[in-house]
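Counting from 232, one number per residue, gives the positions in the sequence shown under this note's numbering. Down below is the structure, laid out as structure tokens.
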Amino acid sequence: MDNVFVVGDIHGCYDELIELLQHWDKKKDQLIFLGDYIDRGKDSRKVVELVQRLVNEQWAIALKGNHEDMFINWLNEWQTERFIRNGGKETIHSFLGTSDEIDERRAIAETFPQIIHFLKQLPLYYEWGNYLFVHAGINPERAEWKENTSHDFLWIRDEFHQQANPTNKTIIFGHTPVQMLHSEPHATPWYSECETKIGMDGGLVFGGKLLALRINQSGAFTWFEQSKLAE
232 MDNVFVVGDI
242 HGCYDELIEL
252 LQHWDKKKDQ
262 LIFLGDYIDR
272 GKDSRKVVEL
282 VQRLVNEQWA
292 IALKGNHEDM
302 FINWLNEWQT
312 ERFIRNGGKE
322 TIHSFLGTSD
332 EIDERRAIAE
342 TFPQIIHFLK
352 QLPLYYEWGN
362 YLFVHAGINP
372 ERAEWKENTS
382 HDFLWIRDEF
392 HQQANPTNKT
402 IIFGHTPVQM
412 LHSEPHATPW
422 YSECETKIGM
432 DGGLVFGGKL
442 LALRINQSGA
452 FTWFEQSKLA
462 E
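Take a look at the structure:
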């Protein structure tokens with residue numbers, strides 16, 4: 232592919248994702264998702280089903296986010312409160328259509344085994360030329376970035392944001408809403424001072440925007456954004 236087209240954290244916002252993907256050129260753009268497909272928004276199931284279909288039919292790259300990690304842990308009866316506290320109830324409802332299921336884990340596991348398998352198998356990073364795509368970032372204190380743990384790739388924040396980038400690659404990441412990274416709280420992409428780290432979680436579910444980025448082989452960037460649609 233001539234370009235990559237990278238989509239930031241979606242969090243169950245299916246309608247906004249459909250609108251944003253109007254800018255994606257299927258013939259020229261390698262589509263990449265940075266993770267966090269579920270939780271908080273109302274349509275997590277529809278988002279995951281679309282992403283899975285795009286991976287299977289359009290060779291899209293879908294990375295794992297920390298919210299997919301929490302969902303899998305919840306299915307395994309681990310850290311239940313953490314999942315629920317971070318938007319899990321909306322995800323459960325989007326899969327089952329109700330919040331009254333006695334055994335929600337069993338119902339989801341029995342009804343959606345292919346989706347669960349898909350989420351478990353998602354990769355933690357993707358490389359394209361001099362670019363590294365990852366959900367949260369990398370631990371800059373590790374001598375070799377590929378030796379990062381899954382927790383580093385999925386959860387890291389301040390150490391990655393504040394320290395030098397040792398990878399010799401430009402790192403494109405989500406996870407931390409850009410409003411938390413800018414000195415002023417606005418929903419535009421965040422660039423590190425060294426210009427080798429680019430934050431793309433536009434915080435749509437917090438009143439921000441869903442962000443996408445097209446990068447061509449010469450390194451030129453084009454940004455796209457989608458605001459929350461009316462219910």
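Built from N, CA and C at the ideal position, the CB exists for glycine as well.
Should residue 435 and residue 420 be called a contact, given that it needs their Cβ atoms to be closer than 8 Å?
The beta carbons of residue 435 and residue 420 sit no closer together than 8 Å.
I'd like to know if the stretch 397-410 and the stretch 233-241 are in contact, where contact means that at least 3 CB-CB pairs between them fall below 8 Å.
Note that the stretch 397-410 touches the stretch 233-241; at least 3 beta-carbon pairs, one per stretch, sit closer than 8 Å.
Using only the heavy atoms of the ligand NAP, determine whether one of them is closer than 7 Å to the beta carbon of residue 267.
This structure does not include the ligand NAP; it has no bound ligands of any sort.
Going along the chain, which residues of its own chain have a beta-carbon closer than 7 Å to the beta-carbon of residue 394, five neighbours each way excluded?
Taking C-beta separations shorter than 7 Å and ignoring five residues to either side along the sequence, the partners of residue 394 in its chain run 371, following chain order.
To the nearest whole angstrom, what separates the beta carbons of residue 297 and residue 447, a pair I think is in contact under 8 Å?
Incorrect: roughly 30 Å between the Cβ atoms, too far for contact.
Using a Cβ-Cβ cut-off of 8 Å (strictly less than) and excluding sequence neighbours within five positions of residue 360, which residues of its own chain qualify?
These residues qualify, in order along the chain: 448.
Extract the residue ranges of the alpha helix (DSSP H) inside the stretch 260-348, only unbroken runs of 4 or more that lie entirely within it.
Counting only unbroken stretches of 4 or more residues, the alpha helix (DSSP H) elements lying wholly within the stretch 260-348 are 275-289, 297-306, 311-314, 320-327, 335-342, in sequence order.
Mapping DSSP to helix, strand and coil, what is residue 424?
Taken through DSSP and simplified to helix, strand or coil, residue 424 comes out as coil.
Just confirm the distance between the C-beta atoms of residue 366 and residue 295, as a whole number of angstroms; I'd bet it's less than 8 Å.
For a cut-off of 8 Å, the C-beta gap from residue 366 to residue 295 is around 7 Å, short enough to register as a contact.
Which two residues bound the contiguous alpha helix (DSSP H) that contains residue 392?
Residue 392 -> alpha helix (DSSP H) spans 389-393.
Hey, how far is the Cα of residue 417 from the Cα of residue 437?
Spanning the alpha carbons of residue 417 and residue 437 requires a straight line of approximately 11 Å.
Please list, in chain order, all residues of the same chain as residue 439 whose beta carbon is under 7 Å from its beta carbon, the five residues on each side excluded.
Apart from the 5 residues on each side of it in sequence, residue 439 sits with its Cβ closer than 7 Å to the Cβ of 408, 410, 418, 433 in its chain, given in chain order.
Contact between the stretch 344-358 and the stretch 283-295 is defined here as three or more beta-carbon pairs at a separation below 8 Å; is this criterion met?
They touch, by the three-pair rule.
How is the alpha helix (DSSP H) around residue 384 delimited, first residue to last?
In the DSSP assignment, residue 384 falls within the alpha helix (DSSP H) that extends over 381-386.
First through last residue of the beta strand (DSSP E) which encompasses residue 363
Counting along the chain, the beta strand (DSSP E) containing residue 363 begins and ends at 362-365.
Identified DSSP bridge partners for residue 449
DSSP lists no partner for residue 449.
On the premise that residue 325 lies in contact with residue 274, defined as a C-beta separation below 8 Å, what is that separation, rounded to the nearest angstrom?
Between residue 325 and residue 274 the Cβ distance is about 6 Å, and since that is below 8 Å, they are a contact.
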